[in-house]
Amino acid sequence: MSTTGRIYVGSAICLAALVAVLALVGRAGTESEAGRAVEVLSMEPADGAVLPDLPTTVRIRVAGEPDPGRSHIVVYDADRIRLNTGPAVPDGDDGLRQQVAVTRPGQLAVAYHVVTVDGRTASGIARLTVGSPNAAAPAGPADATDDGAHAHGVDPMGAALLALDGLVLLAVVILLLRRPTRGAA
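Per UniProt numbering, residue 1 is the first one in the sequence shown, and the count goes up by one each step.
Right, dumping it as structure tokens:
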């Protein structure tokens, strides 16, 4: 490899290392609330509750402001039928409300994933009974009938690093292909 080629390869490696270090330092330096759990303050109806009447809403309050666009609450009955009637909507500054259409007594499973505006998350499953405490329990995790129920956006940091990896790979391949050929003297 010629001196010029070594300079190009060395420069590319140094640049890639510099970008990686800056990305790690920038990410560590801006460690925010994102990715940390947010406390669930209350849930109505509560986990394990036995309700005499059919509920029409499920409410969840968290220690933060929920982002309704990135959060969801899904309610299933014992037959794994989804009971939601529309998307989750804000309920005050710290809660979400989900309208449900429960048509008969039985056990319900409430699966929730709440993301706050600052990126903190809370998720879980609560089970409750409507009518008799001996009603049939949900058989297990419900099948997702709506692919958009758990859709989230692309992580901007991950996308930027993936694009950077592609550029570095392209630069290395170009440098390898541009090696000078040794001519016969």
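Think of the CB as a built atom: it goes at the ideal place given N, C-alpha and C, for glycine as much as any other residue.
Within this structure, are the beta carbons of residue i and residue j separated by less than 8 Å?
i	j	result
Ala78	Gly106	yes
Ala164	Val19	The identity of residue 164 in the sequence shown is Leu, whereas the question assumes Ala. For Leu164 and Val19, yes; Cβs fall inside 8 Å.
Glu65	Thr116	yes
Leu162	Val9	no
Val71	Val21	According to the sequence shown, residue 71 is Ser rather than Val. Cβ distance not < 8 Å, so Ser71 and Val21 don't count as in contact.
Val74	Leu108	no
Going by CA-CA distance only, name the one from the options that's closest to residue i.
i	options	result
Ala111	Val117, Arg104, Arg80, Asp94	Arg80
Arg104	Pro45, Val21, Gly5, Thr129	Thr129
Val102	Leu51, His113, Leu177	Leu51
Leu41	Thr3, Leu54, Asp53, Ser123	Ser123
Using 10 angstroms around the beta-carbon of residue i, count the other beta-carbons present and answer buried if the total reaches 16, otherwise exposed.
i	result
Leu83	buried
Glu39	exposed
Ala37	exposed
Ala88	buried
How big is the Cα-Cα spacing for residue i and residue j?
i	j	result
Ile125	Ala17	43 Å
Ala12	Pro156	24 Å
His62	Ala160	The residue you asked about is not His; residue 62 is Val in the sequence shown. Cα to Cα, Val62 sits roughly 31 Å from Ala160.
Leu15	Pro68	40 Å
Arg127	Asp53	16 Å
Gly5	Gly119	45 Å
Pro90	Gly158	29 Å
Arg178	Thr3	13 Å
Does the pairing of the region 95-110 with the region 50-67 give three or more beta-carbon distances under 8 Å? yes
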